[in-house]
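Novice: Here the working numbering = 1-based position in the sequence shown + 1. All residues carry an ideal CB built from backbone N, CA and C; glycine is no exception.
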Amino acid sequence: MFALVDGSAPFFLESKEKHQNWSKAPLAHLEKSSLPSKKKHKRVRESFYRYTKRISKLGFNAVSLDELCYLSERDFYPEDLKRKISSYRKKYKKLFKIASSQGLNVFITTDFFSINDSILEHTNGNLDKIIRLFKESLEDLFSSFTEISGIVLRIGESDGVDVTGDFRSKLLLKNPKQANSFLKEILPVFEKYNKTLIFRTWTLGAYEIGDLIWNPKTYRKVFQDIESKSLIISLKYGEGDFFRYLPINPLFFEDDKPKLLELQARREYEGFGEYPSFVGWMYEKYRSELLGKANIAGISVWTQTGGWSSFKNITFLKRSSYWNELNTFVSVQLFTKPERSLEEILLKFYGKKNLDLFLDFLKLSEELILNLLYDPGFAKQSLYMHRVRIPPILHITWDKITVSDPFRSLYSFLNPDPKESLQLGEEAFSKLSRMKKISEKLDLPYDSQFQKKTFRLILNARKLLYTENSGLLAESKRLAKEYHKKYPKTFRFQFQASKSKPSPFLGFILKLFLRNRSRYRIRDKILFHPVLRKIYYLVFLGIKNKLPDFINRQGMPVRELLQ
Numbered sequence: 002m003f004a005l006v007d008g009s010a011p012f013f014l015e016s017k018e019k020h021q022n023w024s025k026a027p028l029a030h031l032e033k034s035s036l037p038s039k040k041k042h043k044r045v046r047e048s049f050y051r052y053t054k055r056i057s058k059l060g061f062n063a064v065s066l067d068e069l070c071y072l073s074e075r076d077f078y079p080e081d082l083k084r085k086i087s088s089y090r091k092k093y094k095k096l097f098k099i100a101s102s103q104g105l106n107v108f109i110t111t112d113f114f115s116i117n118d119s120i121l122e123h124t125n126g127n128l129d130k131i132i133r134l135f136k137e138s139l140e141d142l143f144s145s146f147t148e149i150s151g152i153v154l155r156i157g158e159s160d161g162v163d164v165t166g167d168f169r170s171k172l173l174l175k176n177p178k179q180a181n182s183f184l185k186e187i188l189p190v191f192e193k194y195n196k197t198l199i200f201r202t203w204t205l206g207a208y209e210i211g212d213l214i215w216n217p218k219t220y221r222k223v224f225q226d227i228e229s230k231s232l233i234i235s236l237k238y239g240e241g242d243f244f245r246y247l248p249i250n251p252l253f254f255e256d257d258k259p260k261l262l263e264l265q266a267r268r269e270y271e272g273f274g275e276y277p278s279f280v281g282w283m284y285e286k287y288r289s290e291l292l293g294k295a296n297i298a299g300i301s302v303w304t305q306t307g308g309w310s311s312f313k314n315i316t317f318l319k320r321s322s323y324w325n326e327l328n329t330f331v332s333v334q335l336f337t338k339p340e341r342s343l344e345e346i347l348l349k350f351y352g353k354k355n356l357d358l359f360l361d362f363l364k365l366s367e368e369l370i371l372n373l374l375y376d377p378g379f380a381k382q383s384l385y386m387h388r389v390r391i392p393p394i395l396h397i398t399w400d401k402i403t404v405s406d407p408f409r410s411l412y413s414f415l416n417p418d419p420k421e422s423l424q425l426g427e428e429a430f431s432k433l434s435r436m437k438k439i440s441e442k443l444d445l446p447y448d449s450q451f452q453k454k455t456f457r458l459i460l461n462a463r464k465l466l467y468t469e470n471s472g473l474l475a476e477s478k479r480l481a482k483e484y485h486k487k488y489p490k491t492f493r494f495q496f497q498a499s500k501s502k503p504s505p506f507l508g509f510i511l512k513l514f515l516r517n518r519s520r521y522r523i524r525d526k527i528l529f530h531p532v533l534r535k536i537y538y539l540v541f542l543g544i545k546n547k548l549p550d551f552i553n554r555q556g557m558p559v560r561e562l563l564q
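1. How would you label K512, buried or exposed, when you count the other beta carbons within 10 angstroms and need 16 or more for buried?
2. DSSP three-state call for D129: helix, strand or coil?
3. According to DSSP, what are the bridge partners of A295?
4. Run through DSSP, which three-state label would P189 get?
5. When you compare only the Cα positions, how much space is there between L232 and E326?
6. Does the region 414–432 come into contact with the region 517–530, if we say contact requires no fewer than three beta-carbon pairs (one atom in each stretch) closer than 8 Å?
7. Take the Cβ of S159 as the centre, count every other Cβ of all protein chains shown within 10 Å, and call the residue buried at 16 or more, exposed below.
8. Just the Cα atoms here: how many angstroms apart are N195 and V6?
9. For M386, name the three-state secondary structure that DSSP assigns.
10. Using only the alpha-carbon positions, how far apart do L66 and T53 sit?
11. Classify I402 as helix, strand or coil using the three-state DSSP reduction.
12. Taking all protein chains shown into account, do 16 or more other C-beta atoms lie within 10 angstroms of the C-beta of E271, making it buried, or fewer, making it exposed?
13. Measure the alpha-carbon distance for R267 versus Y323 and round it to whole angstroms.
14. In terms of residue numbering, what span does the alpha helix (DSSP H) encompassing R201 cover?
15. What is the DSSP secondary structure of R46, counted as helix, strand or coil?
16. Quick check on T316: does DSSP put it in helix, strand or coil?
17. State the beta-bridge partners of G104 as determined by DSSP.
18. Answer yes or no: do S73 and D141 have a C-beta to C-beta separation smaller than 8 Å?
19. Three or more beta-carbon pairs under 8 Å between the region 395–404 and the region 484–504, yes or no?
20. According to DSSP, is Q497 part of a helix, a strand, or is it coil?
21. Using CA atoms only, rank isn't needed, just tell me which of R84, I131, R390 and F13 is closest to E240.
22. Using a Cβ-Cβ cutoff of less than 8 Å, which residues in the same chain neighbour L335 once the five nearest sequence positions on both sides are dropped?
23. In the structure shown, what three-state DSSP assignment does L172 receive?
24. What separation, rounded to the nearest whole angstrom, lies between the Cα atoms of K535 and K486?
25. Quick one: using the 10 Å Cβ neighbour count with 16 as the cut-off for buried, is D376 buried or exposed?
26. Just how far apart, CA to CA, sit N176 and L205?
27. Who are the Cβ neighbours of L515 in its own chain at under 6 Å, not counting the five residues just before and after it?
28. Give me, in chain order, the residues of the same chain whose beta-carbon lies closer than 8 Å to that of L318; leave out the 5 immediate sequence neighbours on both sides.
29. So, using beta-carbon positions, are Y412 and L466 closer together than 8 Å?
30. Quick one: what's V64 bridged to in DSSP?
31. Taking only runs of the beta strand (DSSP E) that begin and end inside the region 232–292, which ones reach a length of at least 3 residues, in chain order?
32. Looking only at its chain, what residues have a beta carbon closer than 7 Å to the beta carbon of H42, apart from the 5 residues adjacent to it on each side?
33. Taking only the alpha-carbon atoms, compute the straight-line gap between R55 and S115 and give it to the nearest angstrom.
34. Measure the alpha-carbon distance for S440 versus Q452 and round it to whole angstroms.
35. Skipping 5 residues on each side, what residues in its chain have a beta carbon closer than 7 Å to that of S321?
36. Report yes if the CB atom of L261 is closer than 8 Å to the CB atom of I234, and no otherwise.
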């Protein structure tokens, strides 16, 4: 089975950013005097050798590297950018050699399309001209670097607003017809060179194509009349991002085209590996639902990629997370060794002695994630708005935990049993004492104090979402201040006092906009008319101070998400 892993970890090791965008390798941070730093890239190669040696032994046979725009030469670029790209090509050539020495195929990631002023001037922003430019990049890449096996292509998410460097990606394929024509244009290049296109269906709701991640109608339009041995369609396991409580994505069964299953080991919404967030039982369930029932060509495991945070663990390298390594091992073994049970895989990872206790620890840690990090009363529901499946967790995003009136209203209206959520949260928190005892007996690399302090505040956040308690609010603010002082590079808690009770009118609005099945209603076309979407953006501007402070400073711009 094809087993792909991200190769960005060695690059992040060289970044000195305090708060990191983990979505792609921070190449701009590894430059000196407008050129790739020789010293830093030498260290990248040394780390890349250690990393690839390790992942190859785990069972991976392919690695992805960011990104195509830094390997594509253009005659019309300024001389300084030409020199920079020439330098990157030489340095990446050495990385390709290292990967090949470890038996790993190399894939290059790219968005469609990464743009700069020179490209805009050369193409006038014309889509047909940009597609021709992209095809030229592919021709050049495949003819210049025979070591490269293919491309991992993202079309549904652009660079975050905080991304710096010589290029910035933009969403250019805005409807299924454009995407279909685009695929028919570029696939012959892959076929000519016997290379593979891994086409990601990941979308965030922007433009007509924004529901490709879950909508079978959009999926069919995008891949209509396309038959190519060079194409693999890559899907996340659910209809949203890397969350729990998501059923398997039905698009895996939509047709017989080869599919790649995207998995995440460094859980971006569940602590980034700073505490255990075991994926074994969840991924074992997905395996049983997919293998033999869908055309699964392989898996793509993210060991480092995804999200924004100050956490500095670099998987398999500096300050590596034991829990991320465990998740990586389990992910690749479950699918490359389908004859093995999860317990057999854990036996291979941990050993026979005290395996039962280790399993108990992992089960307790999973209960903590399922019942306290997530709010089961809310998370178990399937809710959609416009082109997006609503995430099963709202007030916790990456390393930000926010309690404010908008979240109080959402959870109060959408959770049918807040009392049960509070009880489940308390019960889950009590598991930490047992986890501490087991970890001490097994000598696990587990910071029980950090998780207890973190989840105490998360439990307080749960309580403050459903109840008004000025004493608890004051205590939570005090504890958060102490927490931030003790753990300055971890989670950030934001507790806001309640200024108003959830209004019945807001409940009416939520019922109007939200639906509990994916199929669109007639009213959705009316509610999301282009004119009304502009009004919604103005509403967002009015309430953004009550939302997590990262919104519109990280990720795609909100204005674009409303297109």
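Specialist: So, to answer that:
1. The residue given as residue 512 occupies position 511 in the sequence shown. Result: exposed.
2. In the sequence shown, the residue the question calls residue 129 occupies position 128. The DSSP-derived three-state label of D129 is helix.
3. Looking up residue 295 in the sequence shown gives position 294. Bridge partners of A295: L292.
4. In the sequence shown, counting from the first residue as 1, residue 189 sits at position 188. The answer is helix: DSSP assigns P189 an H, G or I state.
5. In the sequence shown, counting from the first residue as 1, residue 232 sits at position 231. In the sequence shown, counting from the first residue as 1, residue 326 sits at position 325. So the two alpha carbons sit approximately 30 Å from each other.
6. The region 414–432 makes no contact with the region 517–530, as fewer than three CB pairs between them are under 8 Å.
7. Position 158 of the sequence shown, counted from the first residue, corresponds to residue 159. Result: buried.
8. In the sequence shown, the residue the question calls residue 195 occupies position 194. In the sequence shown, the residue the question calls residue 6 occupies position 5. Roughly 21 Å separates the two Cα atoms.
9. Taking the sequence shown and counting its residues from 1, the one referred to as residue 386 is at position 385. Here M386 carries a strand assignment [DSSP, helix/strand/coil].
10. Reading the sequence shown from its first residue, position 65 is the one you call residue 66. Reading the sequence shown from its first residue, position 52 is the one you call residue 53. Near 12 Å, if we compare the C-alpha coordinates of T53 and L66.
11. In the sequence shown, the residue the question calls residue 402 occupies position 401. DSSP places I402 in strand when its eight states are reduced to three.
12. Position 270 of the sequence shown, counted from the first residue, corresponds to residue 271. Buried, since its Cβ has 16 or more Cβ neighbours within 10 Å.
13. Taking the sequence shown and counting its residues from 1, one reaches residue 267 at position 266. Taking the sequence shown and counting its residues from 1, one reaches residue 323 at position 322. Each residue's alpha carbon lies about 10 Å from the other.
14. As a working note, residue 201 is residue 200 in the sequence shown. Note, R201: premise wrong, no alpha helix (DSSP H); beta strand (DSSP E) at T197 to T204.
15. Along the sequence shown, read from residue 1 onward, the residue named residue 46 stands at position 45. Looking at R46 - three-state DSSP - the assignment turns out to be helix.
16. Position 315 of the sequence shown, counted from the start, is the residue given in the question as residue 316. Reduced to three states, the DSSP call for T316 is coil.
17. Here residue 104 is taken as the residue at index 103 of the sequence shown, counted from 1. In the DSSP assignment, G104 is bridged to no other residue.
18. Counted from its first residue, the sequence shown places residue 73 at position 72. Counted from its first residue, the sequence shown places residue 141 at position 140. Their beta carbons are under 8 Å apart, which means S73 touches D141 by this criterion.
19. Yes, the region 395–404 touches the region 484–504.
20. Here residue 497 is taken as the residue at index 496 of the sequence shown, counted from 1. Coil at Q497, not helix or strand.
21. The residue labelled residue 240 in the question sits at position 239 within the sequence shown. A check of alpha carbon separations from E240 across R84, I131, R390 and F13 identifies R390 as the nearest.
22. Indexing the sequence shown from 1 puts residue 335 at position 334. If we look at L335 and ignore the five residues flanking it on each side, its Cβ neighbours are G281, Y284, E285, R288, R341, L343 and I346.
23. Within the sequence shown, numbered from 1, the residue matching residue 172 stands at position 171. The DSSP-derived three-state label of L172 is coil.
24. Along the sequence shown, read from residue 1 onward, the residue named residue 535 stands at position 534. Along the sequence shown, read from residue 1 onward, the residue named residue 486 stands at position 485. Going by the C-alpha atoms only, they are around 41 Å apart.
25. Locating residue 376 in the sequence shown gives position 375, where the first residue counts as 1. Result: buried.
26. Residue numbering aside, residue 176 sits at position 175 when the sequence shown is read from its first letter. Residue numbering aside, residue 205 sits at position 204 when the sequence shown is read from its first letter. N176 and L205 have their C-alpha atoms roughly 13 Å apart.
27. In the sequence shown, residue 515 corresponds to position 514, counting from 1. L384 and M386.
28. For the purposes of this step, residue 318 is taken as residue 317 along the sequence shown, with counting starting at 1. Same-chain partners within the cutoff: A10, P11, L14, S48, R51 and Y52.
29. Within the sequence shown, numbered from 1, the residue matching residue 412 stands at position 411. Within the sequence shown, numbered from 1, the residue matching residue 466 stands at position 465. Yes, Cβ-Cβ distance for Y412 and L466 is below 8 Å.
30. Counting from 1 along the sequence shown, the entry for residue 64 is found at position 63. BP columns for V64 point to V6 and V107.
31. Uninterrupted beta strand (DSSP E) stretches at least 3 residues long and entirely within the region 232–292 occur at 232–237 and 260–265, given in chain order.
32. The residue labelled residue 42 in the question sits at position 41 within the sequence shown. Counting only Cβ-Cβ distances below 7 Å, and skipping sequence neighbours, we find L31 and K92.
33. As a position in the sequence shown, residue 55 is number 54, starting the count at 1. As a position in the sequence shown, residue 115 is number 114, starting the count at 1. Near 31 Å, if we compare the C-alpha coordinates of S115 and R55.
34. Translated into the one-based positions of the sequence shown, residue 440 becomes position 439. Translated into the one-based positions of the sequence shown, residue 452 becomes position 451. Each residue's alpha carbon lies about 12 Å from the other.
35. Within the sequence shown, numbered from 1, the residue matching residue 321 stands at position 320. N314 and I315.
36. Taking the sequence shown and counting its residues from 1, the one referred to as residue 261 is at position 260. Taking the sequence shown and counting its residues from 1, the one referred to as residue 234 is at position 233. Cβ distance < 8 Å, so L261 and I234 count as in contact.
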